Amino acid sequence: MKNTLPILQLAIPTPLRRFFDYLPPKSYDLTQLKPGMRLKVPFGRRELTGIFIRNVETSTVPEGKLKQALAVLDTEPVIPTDILELATKAANYYQHPIGEVLLGILPTELRQGKPLPEITPAEAENENILAETPLSLNPAQADALSHLITFIDHFTVTLLHGVTGSGKTEVYLQAIEHCLKQQKQILVLVPEIGLTPQLLQRFRARFTAPIVAIHSGMTNKSRLTAWLKAKSGEAKIIIGTRSAVFTPLNNLGMIIVDEEHDLSFKQQDGFHYHARDVAILRASQKNIPIVLGSATPSLETLQNARTERYHLKKLPERAGLAMRPTFHLIDVRNQTLEQGLSKELIAAIEQHLKEDNQVMLFLNRRGYAPILLCHSCGWMATCSRCDMRMTWHRKAGYLLCHHCDKQTKVPSQCKQCGGKTLQAAGQGTEQLEETLSFLFPDYPIERIDRDSTRRKGEMEKAFARIQSGEARILTGTQMLAKGHHFPNVTLVAIVDADGGFFSADFRALERMGQQVLQVAGRAGRAEKPGTVMIQTHHPDHPLLYQLLNEGYAAFSDSLLQERAKIILPPFTYFALFRAEANQLEKADAFLKHIRDTIAIKHPIQIMGPIPAPIPRRAGRYRAQLLLQSTTRPALQNTLKKYMPDIENLRSGKKVRWSLDVDPLEIG
Ligand code: ADP
Ligand code: ZN
Ligand code: ZN
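Its first residue numbered 17, the sequence shown is counted upward by one per residue in my numbering.
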């Protein structure tokens, strides 16, 4: 219907995948309104902040029913055009409601409708951008750098595949230096907040240019300040975690994604985007280079390098004086273990400690024991809301469900037979720490996992004790494995490498390989040579053998061949609908309706609904439906075509559901 006043199309933070039409606020000069500016609007009984997208002439809303916006909140866009375009593309690709996406990428204050703070103009440019002299590069580093510089004005994706300690960061630094000389900004994405301080330190030591960090561990205020500095162009280097990929930057020259294989780049709830992939989109939109760095690249990225969509640059050797660690498999079959530790490993720990070095033991299971078992009848303590086993946290004195966080008292007797002998089965980091302090009472131990670092500042303190050499035995979960540089660690042990061999997830072996090498990368980072010991029940596993003897490239080649043979990603494309409800039937019914709605068959295949890997969590029943397609466009088109219908399914109102495009965990 034609309207006399222009109609404003806005993105509003609601779960609906569409824009909303409003009339302009009273007496507002519409020539001032630009896409990306915020408006306050009535929405139902609430007032919400929306983002102006465009003017339209007609609306599907009848003329008399159009509501009027209350106020325009900005005099300039809070979301610049390029970010508006990027976020819209991402919202379309991941099929997430545009309003939630656009409001979600804003700093909290701005999302809440608070005014955009004034920014004082940036100080004069510092002529000398270097605060220290760069290292002289080895031939592989020099080759990688000159490649990056050659392509500095074009969109190119380069995979920098370098073993841990091969000097990837030094290559980044020198490529950044090149961009800084051209007055450009550089966006660096890292997986973990924990890694930001270390990287920040290194960047600050190198450059005089303003550097800001952007991550979720910051206060809203400091995050907003960093965001504003980035947007205005004052900050030259922006280091951030996942969500920083949407930071407005007025003069972006290059993007670096460090540890590109890391799972935390993928948002696991709500807007299921992958920051690496959005970063690639952003680089292509800006026609600038992007570097993906990793010692253990994801199979998706490797496949893109194989098909030459990405450039590949390798750094095969450790830089400086550090040498490749030696690997040693320990066959634990038929061995009597001392609380999970073999004699051989215990002897090695002792020796390395006597030589004044640090040792690191890695176990990817927190708590004291993953199972509390009745010795008389075999009953195991399970969570009443999840049907999953409860983990015994002995120090804290409770059983904890790692799936829904339910806590219960430790039972004094078996719930099935009344037997009094309940015992721990399996080992977590808490127990490993106890065992180690019993075996090596003279050496201070530092445990790093989610339990030991819960309180603010604990993690920093623990890492400081490790750096200073005060802690001699380091133990923990994968938190310990990521990125850190501990020069005095000479022995790294993987207490139990077998998890990857019997997981239902097809990516489990890829993850196992990545984890083994990431952990191994902590050994012998400086002049002292490193040893890596791996305890396993599968010492003859061909892929484990290949990983340790031929390296990650050969290992990942084998995995890719296998995936190609059985047609799994990256040789096919997935989208996963997840639904949960208080009854399984409700979740199932909704997913069946989705299945029936999607009428297209070839080349789309639909599997399910089937129960989720954790079929019940926090009292809710969970099921999933998997869409598979041999091409990405076919999958995209199908989703685009049917999502409006799916969104309107009445059975969907009774369940909590989500769609995950390119899911990393199909569980
Ligand atoms: P990565 O990022 O691949 O793990 P880094 O860049 O952190 O590797 O380098 C590992 C170590 O080697 C660091 O201590 C770094 O200072 C040193 N290093 C890197 N490049 C060189 C070089 N060309 N010459 C000497 N030392 C180097
Ligand atoms: Zn019992
Ligand atoms: Zn539970």
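Even for Gly, the Cβ is constructed at its ideal location relative to N, Cα and C.
Everything numeric in this text was worked out from a predicted model, so none of it was measured.
When DSSP labels each residue in this structure, what does residue i get in the three-state scheme?
{"i": "Pro627", "result": "strand"}
{"i": "Thr74", "result": "strand"}
{"i": "Val348", "result": "coil"}
{"i": "Trp395", "result": "coil"}
{"i": "Ala580", "result": "helix"}
{"i": "Gly668", "result": "helix"}
{"i": "Glu450", "result": "helix"}
{"i": "Ile616", "result": "coil"}
{"i": "His609", "result": "helix"}
{"i": "Val426", "result": "coil"}
{"i": "Val94", "result": "coil"}
{"i": "Val28", "result": "Here residue 28 is Ile; the residue named in the question, Val, does not match the sequence. Correct three-state label for Ile28: coil."}
{"i": "Asn529", "result": "Checking the sequence, you will find Gly at residue 529 rather than Asn. Looking at Gly529 - three-state DSSP - the assignment turns out to be helix."}
{"i": "Asn19", "result": "A caution first: Asn19 carries a pLDDT of 49, below 50, which makes its placement in the model too unreliable to give a value."}
{"i": "Gly120", "result": "helix"}
{"i": "Met475", "result": "helix"}
{"i": "Asp403", "result": "coil"}
{"i": "Ile510", "result": "strand"}
{"i": "Arg463", "result": "strand"}
{"i": "Leu655", "result": "helix"}
{"i": "Thr647", "result": "coil"}
{"i": "Ala639", "result": "strand"}
{"i": "Thr588", "result": "coil"}
{"i": "Thr552", "result": "strand"}
{"i": "Asp521", "result": "coil"}
{"i": "Arg633", "result": "strand"}
{"i": "Ala385", "result": "strand"}
{"i": "Glu366", "result": "helix"}
According to DSSP, what are the bridge partners of residue i?
{"i": "Trp673", "result": "Ala595"}
{"i": "Thr342", "result": "Thr547"}
{"i": "Cys390", "result": "Leu438"}
{"i": "Ile682", "result": "Beta-bridge pairing links Ile682 to no other residue."}
{"i": "Phe378", "result": "Gly492 and Ile510"}
{"i": "Val57", "result": "Leu64"}
{"i": "Leu564", "result": "Beta-bridge pairing links Leu564 to no other residue."}
{"i": "Gly309", "result": "Leu176 and Asp274"}
{"i": "Tyr289", "result": "According to DSSP, which records beta bridges pairwise, Tyr289 is partnered with nothing at all."}
{"i": "Ala229", "result": "Ile255"}
{"i": "Val505", "result": "Gln374"}
{"i": "Ala87", "result": "Lys56"}
{"i": "Val204", "result": "Ile255 and Ile272"}
Buried or exposed: which applies to residue i, given that a residue is buried once 16 or more other Cβ atoms fall within 10 Å of its Cβ?
{"i": "Met17", "result": "At Met17 the pLDDT is 48, less than 50, meaning the model places this residue with poor confidence; the figure from the coordinates comes in the next sentence. Exposed."}
{"i": "Ser400", "result": "exposed"}
{"i": "Thr547", "result": "buried"}
{"i": "Leu151", "result": "exposed"}
{"i": "Gln447", "result": "buried"}
{"i": "Asp285", "result": "exposed"}
{"i": "Trp673", "result": "buried"}
{"i": "Glu276", "result": "buried"}
{"i": "Asn373", "result": "buried"}
{"i": "Leu240", "result": "buried"}
{"i": "Ser232", "result": "exposed"}
{"i": "Lys252", "result": "buried"}
{"i": "Lys657", "result": "exposed"}
{"i": "Met406", "result": "buried"}
{"i": "Pro660", "result": "exposed"}
{"i": "Val508", "result": "buried"}
{"i": "Gln432", "result": "exposed"}
{"i": "Gln443", "result": "buried"}
Next on the checklist: Using a Cβ distance threshold of 8 Å, determine whether the region 291-304 contacts the region 540-558, with at least three qualifying pairs required.
Outcome noted: no
Next on the checklist: Please output, in chain order, the residues near ligand 3 using a CB cut-off of less than 7 Å to any non-hydrogen atom of the ligand.
Outcome noted: Cys399, Arg401, Cys402, Met404, Cys417, His419, Cys420, Lys422, Arg633 and Ala634
Next on the checklist: Could you check whether the region 287-299 touches the region 257-269, counting it as contact only if at least three pairs of C-beta atoms, one from each stretch, sit closer than 8 Å?
Outcome noted: yes
Next on the checklist: Beta-carbon distances below 6 Å to any heavy atom of ligand 2 define the shell here; list its residues in chain order, please.
Outcome noted: Cys390, Ser392, Cys393, Trp395, Cys430, Gln432, Cys433 and Gly435
Next on the checklist: If contact is defined by three or more beta carbon pairs under 8 Å, each pair taking one atom from either stretch, is the region 72-82 in contact with the region 34-54?
Outcome noted: yes
Next on the checklist: Across the region 553-564 and the region 644-652, are there enough close Cβ pairs to call them in contact, namely three or more that are closer than 8 Å?
Outcome noted: no
Next on the checklist: Pairs of beta-carbons, one from the region 372-385 and one from the region 404-411, closer than 8 Å: are there three or more?
Outcome noted: yes
Checklist entry - Using 8 Å as the Cβ pair cut-off and three pairs as the minimum, do the region 601-617 and the region 113-127 touch? => result no
Checklist entry - Is there contact here, the region 189-204 with the region 321-330, by at least three beta-carbon pairs under 8 Å? => result no
Next on the checklist: Is it the case that the region 462-476 contacts the region 337-356, given that we only count it when at least three CB pairs across the two stretches are under 8 Å?
Outcome noted: Contact fails: fewer than three Cβ-Cβ distances are below 8 Å.
Checklist entry - Does the count of Cβ pairs from the region 629-644 and the region 576-593 closer than 8 Å reach three? => result yes
Next on the checklist: I want to know whether the region 483-497 touches the region 449-466 - three or more CB-CB distances under 8 Å.
Outcome noted: Yes, they touch.
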